[in-house]
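Here's the structure, in structure tokens; my notes come after.
Residue numbers (the numbering used here): 1455 to 1740.
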């Protein structure tokens, strides 16, 4: 299996062992166990139950078959084909829940431009005028507070399964960028990967008020690990900064990392078309 994923697992185990001796009070009066259970669709094998994640893993033959371009190409094609088959199977299995109005949306293709669409703030205050030779848009002036309220209401109507407002989602993304870029000095690709992880969890409807900051912190932690070879002291420094920025308990944060990894289906290596839109926006805003 992928060497990076295995290394990430072993490092995660060492961190949990190091932090297990520290006694901290859970944030928000909610225990880590309750919050982990709140990450819907993630089974961790509680009470001695064994849970297999085999369906999320693909053999890469990293040490055996990467001698030629042809073998690498065939591996990539086979993995993409397997992933498409798995996604189709999940889509079929979830069709009954969609018919009853339970919009989970976890099988839909991820759109990196969806939550950053500039049309969201316009809402009901936008008027499109169509003429024979051109089309124009008129946006009337409105108070920022009313615009924010209208944007959140429109977003809720379109995505009723998402339990966070669009303004809160964007606020958390700003916090992720400030911490990752300004405080930790990570480059744009790492921040872009954290955005993709976070938005996928949002669009799956797995985030709510109690776990949003822990999920955001776990996404940064995973992106930093997969985007660079962090040393032990660098991981500790990052966890310290996450604890301070998001005001979360470090033991809860570390405990949340694996459920987030499972929710992402172990798919930490992202295709270019998912990362590049975020990367370009980060460059434009820097």
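Where a beta carbon is used, it is the ideal one built from N, C-alpha and C, also for glycine.
Bounds of any alpha helix (DSSP H) do not take in residue 1581; it lies within the beta strand (DSSP E) bounded by 1580 to 1584. The criterion of a C-beta distance shorter than 8 Å is satisfied by residue 1732 and residue 1646.
Rounded to the nearest angstrom, the gap between the Cα atoms of residue 1590 and residue 1573 is 14 Å.
Taking residue 1699 as the centre and dropping the five residues before and after it, the same chain places the C-beta of 1633 closer than 6 Å to its C-beta, in chain order.
Counted as a single uninterrupted DSSP element, the stretch harbouring residue 1691 is not any beta strand (DSSP E) but the alpha helix (DSSP H) occupying residues 1686 to 1700. Taking 8 Å as the upper bound for CB-CB distance, residue 1505 and residue 1717 are not in contact here, some 13 Å apart. For residue 1691 and residue 1659, the gap between their C-alpha atoms comes out near 30 Å. The shortest CA-to-CA distance from residue 1605 to any of 1652, 1621 and 1669 is the one to 1621.
With fewer than three CB-CB distances shorter than 8 Å, the region 1659 to 1670 does not count as touching the region 1592 to 1603. Residue 1670 sits close to residue 1630, with the two beta carbons spaced by under 8 Å. Burial is judged here by how many other beta carbons sit within 10 angstroms of a residue's own beta carbon; residue 1711 has at least 16 and is buried.
In the three-state reduction of the DSSP assignment, residue 1593 falls in the strand class, which pools E and B. Linking residue 1509 to residue 1722 through their CA atoms gives a straight-line distance of about 15 Å. Residue 1654 is classed as buried because its beta carbon has at least 16 other beta carbons within 10 Å across all chains shown. Apart from sequence neighbours up to five positions away, the residues of its chain that approach residue 1567 with a beta-carbon distance below 6 Å are 1731, ordered along the chain. When rounded, the separation of the alpha-carbon atoms in residue 1705 and residue 1697 is 10 Å. Between residue 1656 and residue 1623, the C-beta spacing is below 8 Å. Residue state for residue 1503 is assigned as coil, using DSSP reduced to three classes.
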